[in-house]
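Per this note's numbering, the sequence shown starts with residue 1, numbered consecutively.
Notes follow once the structure below has been shown.
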Amino acid sequence: MNTPSHESERVPVSLEAAWRALTALGHQRLWLRPPEDHGVHTWLIVTWDGLTVAERIRASGSWWLTGDANAIYTNPERIVPDGLEEITWLSVQRRMKDGF
């Protein structure tokens with residue numbers, strides 16, 4: 001007999017699904033931040049103001065949206081984070097093709 005579990009779990013998604021969800025929520029521009037610590041391997045998707053809206057653990061290859069994913073702010077000064085790769089539809093497709 002199967003016993004129902006009432007414990008919730010984070011649902012892992014692909015980079016494409018995360019990007020689609022974030023843009024559907026209203027995020028217009030997003031950037032990819034590589035791991036700062038080589039031992040952790042956590043990639044982040046961030047907004048212009050530094051909010052982390054999704055994260056990926058390299059070991060699992062899955063993405064999770066964070067609680068800040070629904071925090072959408074305008075960027076009237078068109079601020080662009082220094083040294084980060086902007087995520088576009090084409091870059092998502094390229095990274096997915098490369099197994100990212």
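The C-beta atom is built at its ideal place from N, Cα and C for all residues, glycine as well.
Computed from a predicted model, the values in this text were never measured in an experiment.
- In the DSSP secondary-structure assignment, residue 44 is bridged to 33 and 55.
- For residue 51, the closest C-alpha among the options 58, 6, 33 and 40 is that of 33.
- Annotation for residue 91: the continuous alpha helix (DSSP H) segment containing it runs 89-97.
- Counting along the chain, the unbroken alpha helix (DSSP H) around residue 15 starts and ends at 15-25.
- When only Cα atoms are considered, residue 69 and residue 89 end up about 18 Å apart.
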